[in-house]
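Trainee: Dropping a structure here in structure tokens format, bear with me for questions.
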């Protein structure tokens, strides 16, 4: 993609970094404390301009959430979606002073408030919510990242092995080809694909899509369970990611890392290619509510490449997303996320020149208190990308004690809409390899909780020395063979996951 998911270039496939320098993110790491103030970013609002906010209650319970909603209404806002489990309310308001008013009127119930984007809410307010304003939804145009190679229809009936498995070099690198001799995973395991939607008719995916647990979260952050809401629209990213995780072993096309696992399409990318905080929060909450075992997150949350804890709006969003991730983890969900495609050292943050990306970005100073989310949140597996030679992909982000593990992400063959297949590159392709391994691990060890799954994933990863990489001049690999800035604790090992 290019914008958020597909982003980093604009709007469509975080995946195609090689061909489209996107910016996806990945895992969970503890960075050094901030030592310098980040450059302020304005999240403007004018009277009559419909904007979106997160409001964080002082406690995660129904009472404080209700009190926060009362203050929201008094301040001229409308609660679009309430998440009392985490004390977060998604709000829309067309009043310029909403943020100051909610903090004044809700001082006993509201901890913080933050704008989730720097532009007007393009999708308007979901149907069924009474509002004092009128909206005229109008989506922005978006670029779509096309695959490097597209293949025609493939319908191979009666073939023992899926016909294109030999092209899946990534399966050899992570040993999932060997793992499949033990198990293809269990249909009891459900993987949430937080992405741009999945083509429900692709012959390699249709049998494994869990329709009942799929959802569209791009309706202003309010869950939309309409039959077609979670379908892929103008992006191929989610369909490609889904194939990597769970393309069926059915004699057609390719085989996923966990071909027997079920997948739910959790659509968090709108048709403009944006993944706003309210969409991601909805996705994580839905995963926890529906008892999913694993989620894959091949994106970073817009409009900021890095959300800084020393700024009011950004800190409120950071806290809200973190609450959602922590809550879903407590429900038993383990999360994998892409480390990003900016060839950036996440352990040594200095500048950011693409944020905010829903308007013209500014060159700003940042610090290690600024986080790429969800990948740098605690409890999220941060995944870097490797190429076929086992080197760090030239586009992949890196970072000592930030990267958890690495997986193949360069020129990965997978499913695309309209019964086709293609090659895409990016940490967006590496993260679903890990999500698939986690699904195999959960299949083999159904009693393991998220912390144990992550611990074993890291322990079982194959240690990797710092190999030369095509990263930009000046990029160096730091650490040792057991844990370094390029591979984290190593390349994931699917075979060990099922033993």
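Numbering (mature numbering (1 follows the signal peptide of the UniProt record, and there is no 0)), first residue to last: -31 to -1, 1 to 468.
Cβ atoms here follow ideal geometry from the backbone N, Cα and C, with glycine treated the same way.
Small disclaimer: the values here were computed from a predicted structure and weren't measured.
1. Please state if the CB of residue 314 and the CB of residue 368 are separated by a distance shorter than 8 Å.
2. Does residue 366 come out as helix, strand or coil in the three-state DSSP assignment?
3. Exposed or buried, residue 464, counting other C-beta atoms within 10 Å across all chains shown (16 or more means buried)?
4. Quick check: residue 370 and residue 305, are their CB atoms within less than 8 Å of each other?
5. The alpha helix (DSSP H) spanning residue 258 covers which residue range?
6. Could you pull out every residue in the same chain whose Cβ sits closer than 6 Å to the Cβ of residue 205, ignoring the five residues on either side in sequence?
7. Can you name the residues that DSSP bridges to residue 277?
8. Would you kindly report the start and end of the unbroken alpha helix (DSSP H) that includes residue 304?
9. Classify residue 264 as helix, strand or coil using the three-state DSSP reduction.
10. Less than 8 Å between the CB atoms is what I'm expecting for residue 336 and residue 318, so what's the real figure, rounded?
11. Can you tell me whether residue 396 is helix, strand or coil according to DSSP?
12. Give the straight-line distance between the Cα atoms of residue 203 and residue 22, rounded to the nearest whole angstrom.
13. Considering only residues of the segment 161 to 248, which uninterrupted beta strand (DSSP E) runs meet the minimum length of 3 residues and lie entirely inside it, listed in chain order?
14. Where do the N-terminal and C-terminal ends of the alpha helix (DSSP H) with residue 66 fall, by residue?
15. Taking residue 236 as the reference, which of 302, 183 and 270 has the closest Cα?
16. Around the Cβ of residue 348, are there at least 16 other Cβ atoms within 10 angstroms (buried) or fewer (exposed)?
17. Ordered along the chain, which non-local residues of its own chain (more than five positions away) have a Cβ less than 7 Å from that of residue 551?
18. Answer yes or no: do residue 324 and residue 238 have a C-beta to C-beta separation smaller than 8 Å?
19. Should residue 188 be labelled buried (16 or more other beta-carbon atoms within 10 Å of its own) or exposed?
20. Please look up how many angstroms separate the CB atoms of residue 419 and residue 294, rounded, as I've assumed it's under 8 Å.
21. May I have the straight-line CA-CA distance separating residue 224 from residue 376, to the nearest angstrom?
22. Given this structure, state the Cα-to-Cα distance separating residue 134 from residue 46, to the nearest angstrom.
23. Would you mind reading off the limits of the alpha helix (DSSP H) that contains residue 422?
24. Along the alpha helix (DSSP H) that carries residue 148, what are the first and last residues, could you check?
25. Less than 6 Å between C-beta atoms, sequence neighbours within five positions excluded: which residues of the same chain meet that for residue 450?
26. Per DSSP, what are the beta-bridge partners of residue 47 in this structure?
27. Please state if the CB of residue 321 and the CB of residue 243 are separated by a distance shorter than 8 Å.
28. Classify residue 7: buried if its beta carbon has 16 or more other beta carbons within 10 angstroms, exposed otherwise.
29. Label residue 31 either buried or exposed according to how many other C-beta atoms from any shown protein chain fall within 10 Å of its C-beta, with 16 as the threshold for buried.
30. Give the secondary structure of residue 328 by DSSP, where H, G and I count as helix, E and B as strand, and everything else as coil.
31. Should residue 69 go down as buried or exposed, given a rule of 16 or more other Cβ atoms within 10 Å for buried?
32. Which class does residue 133 belong to by DSSP, given the choice of helix, strand or coil?
33. Within 8 Å, do at least three Cβ pairs link the segment 159 to 175 to the segment 58 to 74?
34. Have a look at the DSSP bridge pairing and note the partners of residue 83.
35. Just to confirm my understanding: we take residue 50, look at its own chain, exclude 5 residues before and 5 after, and list those with CB closer than 8 Å. What are they?
36. Excluding the 5 residues flanking residue 410 on each side, which residues of the same chain have their C-beta closer than 8 Å to its C-beta?
Mentor: Let me spell this out:
1. The Cβ atoms of residue 368 and residue 314 sit closer than 8 Å to each other.
2. Looking at residue 366 - three-state DSSP - the assignment turns out to be coil, as it is neither helix nor strand.
3. Burial state of residue 464 is buried, judged by a 10 Å Cβ sphere holding 16 or more other Cβ atoms.
4. Not closer than 8 Å, so no.
5. It spans 246 to 258 - the alpha helix (DSSP H) in which residue 258 sits, taken as one unbroken run.
6. Contacts found: 385 and 386.
7. Beta-bridge pairing links residue 277 to 339.
8. Here residue 304 belongs to no alpha helix (DSSP H); instead the beta strand (DSSP E) covers 303 to 307.
9. Per DSSP, reduced to three states, the secondary structure at residue 264 is strand.
10. About 6 Å separates the two Cβ atoms, so the contact holds.
11. Helix.
12. If you draw a straight line from the Cα of residue 203 to the Cα of residue 22, it comes to about 27 Å.
13. List check, beta strand (DSSP E) in window: 231 to 236.
14. Taken as a continuous stretch (DSSP letters only), residue 66 belongs to no alpha helix (DSSP H), as it is neither H nor E.
15. Check the Cα spacing between residue 236 and each of 302, 183 and 270: the tightest is with 183.
16. By the Cβ-count criterion, residue 348 is buried, with 16 or more other Cβ atoms from all chains shown falling within 10 Å of its own Cβ.
17. The shown model of the chain, from -31 to 468, leaves out residue 551, and the question about it has no answer.
18. Not a contact, by the Cβ cut-off of 8 Å.
19. Buried, since its Cβ has 16 or more Cβ neighbours within 10 Å.
20. Contact between residue 419 and residue 294 fails: their C-beta atoms lie close to 11 Å from each other, not under 8 Å.
21. Annotation: residue 224 to residue 376 spans about 17 Å, alpha carbon to alpha carbon.
22. Residue 134 and residue 46 have their C-alpha atoms spaced approximately 53 Å apart.
23. Here the alpha helix (DSSP H) through residue 422 covers 419 to 429.
24. Segment 145 to 148, the alpha helix (DSSP H) holding residue 148.
25. Hits under 6 Å: 432 and 434.
26. Answer by DSSP bridge pairing, in chain order: 61.
27. Result no, Cβ atoms of residue 243 and residue 321 do not sit closer than 8 Å.
28. Counting Cβ neighbours within 10 Å, residue 7 comes out buried, since at least 16 surround it.
29. A residue is called buried once 16 or more other Cβ atoms fall within 10 Å of its Cβ, and residue 31, having fewer, is exposed.
30. DSSP places residue 328 in the coil class of the three-state scheme, outside both helix and strand.
31. Label assigned to residue 69: exposed.
32. DSSP, reduced to helix, strand and coil, places residue 133 outside both helices and strands of the structure shown, so it counts as coil.
33. A contact is defined here as three or more CB-CB pairs under 8 Å, and the segment 58 to 74 fails this definition with respect to the segment 159 to 175.
34. 23.
35. Contacts found: 58, 59, 189, 190, 191, 192, 247 and 251.
36. Here the set comprises 417, 422, 425, 426, 466 and 467.
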